[in-house]
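Student:
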Amino acid sequence: MPLPTYVVELSFGSSGYIDVSSYAQSVTMNRGISRSLEDYSAGSVSITFVNNARVFDPLNTSSILWYSAGGYTIVQPGGKIRVSSNGIRVFTGFVQDWDFTYDSAGLDGRATVTALDEIYRVGNAFFTGGTATVIEGTSDRIKRVMNNNSFGAAEYAGVNGSQTIVGLDENAPGDSVLAYLQQLARTEPADFYSNASAVMVMKDRSFTNYVWTNSNRQNLVKYPGTATYDVQGQNGWAYGYQAASTVVTPYGGTANKSQISIPDLQDLMSYRELDYNKYNPDGGATAYVFSGFFKGSTGAVAIEVDFYLLDTLGTIAGSAISTVTTSSTAWTQLSATATMTGGNGTAGGVLFTVFANGTTSASDFFGNGIQVERGTAWVNYFDGTYNPYTNTASTVYFNAWGGTAYKSSSGMLISSASAISAPTILTFADQNSQGASYGNGTGIPFTELSVVYGSENLYNKVQVVAPNATATAEDATGQTKYGLKTYSQTDNLTISTTKPAQIAASLLAEYRLPEYRAGEITLQLEALTSTQQNQVLAIELRDVIRLCFQPSATGSIVDKYYQVLSMNSNMNPESYNLILTLASLDNLPIRLDSTLLAVLDTDTLG
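In the numbering used here, the protein residues as written are 9 to 614.
1) Is the segment 374-386 close to the segment 281-300, with three or more CB pairs under 8 angstroms?
2) Over the uninterrupted beta strand (DSSP E) stretch that includes ASN224, give me the two end residues.
3) Would you mind sorting VAL6 into buried or exposed? The rule is 16 or more other CB atoms within 10 Å of its CB.
4) Counting beta carbon pairs with one atom in the segment 474-481 and one in the segment 440-457, are three or more of them shorter than 8 angstroms?
5) Per DSSP, what kind of secondary structure is GLN439 in: helix, strand or coil?
6) Taking 9 angstroms as the cut-off, decide whether the C-beta atoms of MET210 and SER184 are in contact.
7) Take ASN395 as the anchor and find which of SER504, THR306, LYS230, THR340 has the nearest alpha-carbon.
8) Give me, in chain order, the residues of the same chain whose beta-carbon lies closer than 6 angstroms to that of ASN578; leave out the 5 immediate sequence neighbours on both sides.
9) In whole angstroms, give me the CA-to-CA distance for VAL103 and TYR287.
10) Between the Cα of SER54 and those of LEU434, THR221, THR120, spot the shortest distance and give me the residue it belongs to.
11) Smallest Cα separation from GLN532: which of LYS493, PHE557, THR589, GLU456?
12) Can the beta-carbon of SER278 be found closer than 9 angstroms to that of LEU342?
13) Measure the CB-CB distance between PHE135 and GLY182 and report whether it falls below 9 angstroms.
14) Look up THR340 in the DSSP assignment and say whether it is helix, strand or coil.
15) Between the Cα of ALA77 and the Cα atoms of LYS88, SER23, THR109, which residue gives the shortest distance?
16) Measuring only the C-alpha atoms, how far is SER445 from VAL544?
17) Give the secondary structure of ARG129 by DSSP, where H, G and I count as helix, E and B as strand, and everything else as coil.
18) Please report how far the alpha carbon of LEU11 lies from the alpha carbon of TYR570, in whole angstroms.
19) For TYR394, does the three-state DSSP call read helix, strand or coil?
20) DSSP state of ARG149, grouped into three classes?
21) When we look at the beta-carbon of ARG90 and count the other beta-carbons within 10 Å, is it buried (16 or more) or exposed?
22) Check the DSSP bridge columns for THR36 and list the partner residues they point to.
23) According to DSSP, simplified to helix, strand and coil, what is VAL544?
24) Is ALA308 near SER336, with beta carbons less than 9 angstroms apart?
25) Nearest by alpha-carbon distance to PHE454: which of PRO475, GLN541, PRO289 is it?
26) Excluding five sequence neighbours on each side, which residues of the same chain lie with their C-beta closer than 7 angstroms to the C-beta of ASP275?
27) If distances are taken between C-alpha atoms only, which option among THR323, TYR25, SER52, ALA338 comes closest to TYR75?
28) What's the C-alpha gap between THR340 and PHE302?
29) Alpha carbon to alpha carbon, what distance is there between TYR389 and ILE547?
30) What is the C-beta distance between GLY350 and GLY326, in whole angstroms, given that I count them as a contact (C-beta under 8 angstroms)?
31) For ASN285, collect the residues of the same chain with a Cβ closer than 7 angstroms to its Cβ; drop the 5 residues on either side in sequence, then sort them by chain order.
32) Pick out whichever of TYR14, GLY292, GLY95, GLN379 has its Cα sitting closest to the Cα of MET348.
33) Determine the burial state of GLY462: buried for a count of at least 16 other Cβ atoms within 10 Å of its Cβ, exposed for fewer.
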């Protein structure tokens, strides 16, 4: 059968790609991880070229690799490299080094280039400092951070929707962008890696047939969480304080009683905050809606809200006034919508005052459900503790406080599912496993197989530590049988109080038992048909495959599903060798919305 073709191309700066395939002697590629739960590091490629004609000599201005329009050679660190096989991209990277060798006569020249994939680029980005101001999902945070660090949307197009909410993380100057993005991926939990086309991918571990699309809501206002107040009225509450716990609130939150202020002789609550990054994180917000629920302390009270938008300099740039009369027995909503009409045209914060005219406690009132959101319409109230929605099969809602409960803004992550086509799963089979049940002779053959049965991924105690919750899941039976094996994730970033327990339970279910499983398979692509070659070459990290084998050609056939952890290959003019490192999916929890996990009336994972 034919050897797969391969194409190697080089570029630097504005040169465009130059095909140097005819000079390539060998191509070695390594991408992926050796075991589950590891962070992905940069994939690499090493290519050796024949250099007898000094084509790869950076001093040779007559070489095809001399870019005359730019006056420079393409043979230098910092260039780009692409490798394709049978027309399928198998590596895209960034040149690190060129090495040259010759024999004693100056002949038998060889040039070797080494390159790393997109993770290398991300790994060279560092924060200049700052605090996140948007409460959002892990995938949205990854996209935001990459965009803010000058990565184009095409470079993170593989970052898919997430279902874990993160808050107001702080990054110090010099902190690694890659380390933070990997921490976000572990928080999901998910894997974060570069595909063969230099596109960063975040892929969760649910193995469902859905893609999730996220939207966010953020209640920007903070509650006054103490009985004291800021008489200066800067960047927060003035004249508002926490009421006694005997007040029955409509949302189960903190009720805030108005404070008589002297010399204003008015009962009022006042709030002011100027924070462009928080109120206008994407730079385009022009309208905000205020809402609150109020009732009189001892009787009916006429209440007014003066709601102002501030520009980035703190100048009033839009306003709205609204009034309502409340009783002492029922909570009444008061709302107002303001739009930017002046100032410097860029929203940077808000100021609102809620007041009732009067000089005695008879005009005292309580406020609850205080909310400011971007937009022109009030939808419903939420905070980090109160969620008005019920999850459905296609839409899931997560809410959390950005910081201390009732003393910080709160956010809501809304994840909506859309069905996608079930993935094509390739079957690999040894010569004893080609029966009708295992591919009817169509299983892709492999040449070598390694099987492991150990404790390298055995954990019967899992601890997940996050800012607002710590969760531990244990298998006492497994600890008695195999000894204590602990996995600790001490840096989870979710601000949810319930998600850590879900993550701990899921990880325990997946890793609490040892497995008899395939560790690696080796394929010789020149022994495959062209169709099989193309199927194998299209495999990506984290893809799912089916593997069937009969140990020692006796007994029953082992038929399991695996995910691809790494891909290591070596190609030359005579052979193409590929090793796939695998992780079993056998112990994943049952998912009713997946074609991979416990499909009824089939042998698919149970």
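Even for Gly, the Cβ is constructed at its ideal location relative to N, Cα and C.
Tutor: Looking at the atomic coordinates:
1) The answer is yes - the segment 281-300 touches the segment 374-386, with three or more Cβ pairs under 8 angstroms.
2) 218-227
3) Residue 6 is absent from the structure shown; the chain starts at 9 and stops at 614.
4) no
5) Assignment of GLN439 by DSSP, reduced to helix, strand and coil, places it in the coil class.
6) no
7) SER504
8) THR36, ASN585
9) 41 angstroms
10) Out of LEU434, THR221, THR120, the CA that lies nearest to the CA of SER54 is found in THR120.
11) GLU456
12) no
13) yes
14) Strand, per DSSP.
15) Closest by alpha carbon: SER23.
16) 21 angstroms
17) helix
18) LEU11 and TYR570 have their alpha carbons spaced roughly 27 angstroms apart.
19) coil
20) helix
21) buried
22) SER54, ASN578
23) helix
24) yes
25) GLN541
26) Only SER266, ILE268, PHE363, ALA364, GLY366, SER371, ASP372, PHE373 meet the Cβ criterion.
27) Of all alpha-carbon atoms in THR323, TYR25, SER52, ALA338, the one lying nearest the alpha-carbon of TYR75 is that of TYR25.
28) 5 angstroms
29) Across the structure, ILE547 and TYR389 are spaced so that their CA atoms are roughly 46 angstroms apart.
30) 7 angstroms
31) Cβ within range, chain order: THR141.
32) GLY292
33) GLY462 is exposed by the Cβ-count criterion.
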